[in-house]
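Heads up, my numbering is the position in the sequence shown plus 9, with the first residue counted as 1.
Take a look at the structure set out below.
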Amino acid sequence: MKNPLLNLEPGNYVVSGRVIKIVPITDGRPSIARKMRAQAKREGKLLNTGQGKASQSILIMNSGHVILTGKSPEPLTQSLAPDSANR
């Protein structure tokens, strides 16, 4: 059974079913991340779970919240993928 909680950082979890999209923060297109971060901050819906680390991923939640995390997008995406071992 897939874990319903997604571990972002030590002590920081989100419900995996509420994640709409994982956006990588890349060096090639940082303006998209800046715009998303600024808009969420204006709306009071920005959460930073990076604990001092540089943000590597942005999670868009179904509630409209934007979550910054220091984890890279690959392990987050793998955690959200359906468990192929039980097929």
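Using N, Cα and C, we set each Cβ at its ideal position, and we do this for glycine too.
With respect to the C-alpha of Asn21, the residue from Pro39, Pro33, Lys54, Thr58 having the closest C-alpha is Thr58. Where Pro84 is concerned, the enclosing alpha helix (DSSP H) starts and stops at 82-89. Secondary structure of Ser66 (DSSP, three-state): strand. Sequence-distant partners of Gln65 (beyond 5 residues in either direction) whose C-beta falls short of 8 Å from its own C-beta, in its chain, are Pro33, Ile34, Thr78, Gly79, Lys80, Ser81, Pro82.
Residues of the same chain with a CB within less than 8 Å of the CB of Ser72, apart from the 5 flanking positions on each side, are Arg27, Lys54 in chain order.
Secondary structure of Pro13 (DSSP, three-state): coil.
Beta-bridge analysis with DSSP links Ile31 to Leu68.
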